[in-house]
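Residue numbers (the numbering used here): 95 to 481. All C-beta atoms, glycine included, are put in the ideal place defined by N, C-alpha and C. First comes the structure, then the notes that go with it.
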């Protein structure tokens, strides 16, 4: 789909009316956007005509582990010794393919393999749901999010380009193959190692496609996404995001004592508060978030890559919070930040860089000495004490 066709499609989708209780009528409204993307009526009818709503998808979006589980627990599972062993064995089995993918995309072998493991357990788990039923159901259940309808149409474009319907199966979210690409990601990033339509259900094309996704998303060669560090004793917590040059001037180094990268911007991240471990998140960390928007996902993928490469990760003690915040309390923090004009994002209890920077600003304005940006119970109590 070219840019003009895509813009036409988006305009058509924006004009699509919502149907509260008629799934078939809702699916029929996607004909216009599909036509705008160049999908003929015969192809649309062949897919839409037999679709039924998938009741098992209700509530799925709210239960994603990378958004709901404690970070340390999520990372321990995602980058476990068992997964590292399987990853190394898989990388050895497809050594030529992954080395070729790394050379072509300038993304390290371990990072490509780590995402392969995060997404499909190294090709062992693709999902078997029909993506058209899945995406149509999600679009119907979540009219606030136009992405699902857009992906439904992108899936039709894949059919038109020659991918067989039986291939187009995937996860509960409509992601497919070893890289778990959504249809639009396939159209944009999938690559074939041997020519023809990319086969992301096979390791060689999947590995190349993962590397290409990161390369096209801005991956900086030679830059670690996650750098374990320690805040110097005299650190004033005045900023959590600045150039590496500023971090070096403030006395920051890698945990091993090596100098930080010379160029780029990094965000200081305290996943358990200032009393716990500290990390600098580089530009490549946020490239990983283009693959999956969750901070936990990008963090775990970075740790898994380090361990696949034989390097030690997570060396500092990680304190366990005695009384973790509930979902309602996490949302209360966001509402308190909104009331003070410090945050204008979603009230969803999910804390990414934007929320953490807002917490940092609130802490600084409240005279907190170690303004770490961490969504703690102390922050919640301070917000409640100063409405």
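Burial state of residue i, where buried means 16 or more other Cβ atoms lie within 10 Å
i, result
"residue 437", "buried"
"residue 400", "buried"
"residue 199", "buried"
"residue 468", "buried"
"residue 157", "Any answer about residue 157 is weak, because its pLDDT of 49 lies below 50 and its placement is not dependable; what the coordinates show is given next. The residue is exposed, with fewer than 16 neighbouring Cβ atoms inside 10 Å."
"residue 148", "buried"
"residue 191", "buried"
"residue 449", "buried"
"residue 231", "buried"
"residue 119", "exposed"
"residue 357", "exposed"
"residue 213", "buried"
"residue 197", "exposed"
"residue 106", "In this prediction, residue 106 scores a pLDDT of 42, lower than 50, which makes its location untrustworthy; the coordinate-derived value is nonetheless stated afterwards. When all chains shown are included, residue 106 counts as buried."
"residue 35", "This structure cannot settle anything about residue 35, because the visible part of the chain is limited to 95 through 481."
"residue 274", "buried"
"residue 239", "exposed"
"residue 475", "exposed"
"residue 480", "exposed"
"residue 277", "buried"
"residue 418", "exposed"
"residue 175", "exposed"
"residue 323", "buried"
"residue 473", "buried"
"residue 421", "exposed"
Spatially closest choice to residue i from the options, by CA coordinates
i, options, result
"residue 221", "269, 192, 343", "269"
"residue 172", "392, 444, 446", "392"
"residue 369", "465, 169, 128", "465"
"residue 183", "375, 217, 432", "217"
"residue 321", "333, 314, 350", "350"
"residue 366", "384, 280, 416, 214", "416"
"residue 265", "219, 181, 278, 145", "219"
"residue 335", "129, 481, 452, 434", "452"
"residue 229", "363, 145, 194, 193", "145"
"residue 267", "345, 174, 480, 249", "249"
"residue 339", "333, 332, 355", "355"
"residue 121", "215, 154, 342, 244", "244"
"residue 307", "378, 289, 253", "378"
"residue 478", "441, 454, 434", "434"
"residue 288", "203, 194, 459", "194"
"residue 185", "166, 164, 170, 215", "215"
"residue 129", "166, 163, 254, 337", "254"
"residue 315", "457, 342, 166, 203", "203"
"residue 414", "154, 151, 164, 125", "164"
"residue 152", "170, 290, 454, 236", "236"
Residue i vs residue j beta-carbon contact at 7 Å
i, j, result
"residue 511", "residue 353", "One cannot answer for residue 511 here, as it falls past the ends of the chain, which runs 95 to 481."
"residue 263", "residue 224", "yes"
"residue 247", "residue 127", "yes"
"residue 524", "residue 443", "Summary: the structure shown does not reach residue 524, with the chain confined to residues 95 through 481, and so no result is reported for it."
"residue 396", "residue 447", "no"
"residue 309", "residue 201", "yes"
"residue 360", "residue 374", "yes"
"residue 211", "residue 177", "yes"
"residue 226", "residue 141", "yes"
"residue 297", "residue 385", "no"
"residue 251", "residue 136", "no"
"residue 117", "residue 234", "yes"
"residue 402", "residue 256", "no"
"residue 390", "residue 168", "yes"
"residue 83", "residue 294", "A query on residue 83 cannot be resolved here, the shown segment of the chain reaching from 95 to 481 and no further."
"residue 317", "residue 388", "no"
is_contact[residue i, chain D] using C-beta, thresh 7 Å
i, result
"residue 127", "This model lacks chain D altogether; it includes just one protein chain."
Near the ligand ADP: residue i beta-carbon under 6 Å from a heavy atom
i, result
"residue 409", "As far as ligands go, the structure on display features none, and thus does not contain the ligand ADP."
Length-filtered (3 minimum) beta strand (DSSP E) runs lying within the stretch 288-339
320-323, 335-337
Count the C-beta pairs between the stretch 296-312 and the stretch 323-331 that are closer than 8 Å, then say yes if the count reaches three, no if not.
no
Taking contact to mean 3 or more Cβ pairs, one atom from each stretch, closer than 8 Å, check whether the stretch 409-423 and the stretch 446-466 are in contact.
no
With a floor of 3 residues, list each beta strand (DSSP E) that falls wholly inside the stretch 412-475, ordered by position along the chain.
none
Contained alpha helix (DSSP H) runs [length at least 4] in the stretch 357-421, N- to C-terminal order:
377-385, 389-402
Mind listing, in chain order, the continuous alpha helix (DSSP H) runs of no fewer than 4 residues lying wholly within the stretch 124-153?
125-130, 135-142
Would you call the stretch 204-216 and the stretch 422-442 in contact, with 3 or more CB pairs under 8 Å?
no
Runs of 4 residues minimum, wholly inside the stretch 166-239: which ones carry the alpha helix (DSSP H) assignment?
175-187, 189-199, 203-214, 225-235
Segment contact, 8 Å Cβ cut-off, at least three pairs: the stretch 280-293 with the stretch 341-350:
no
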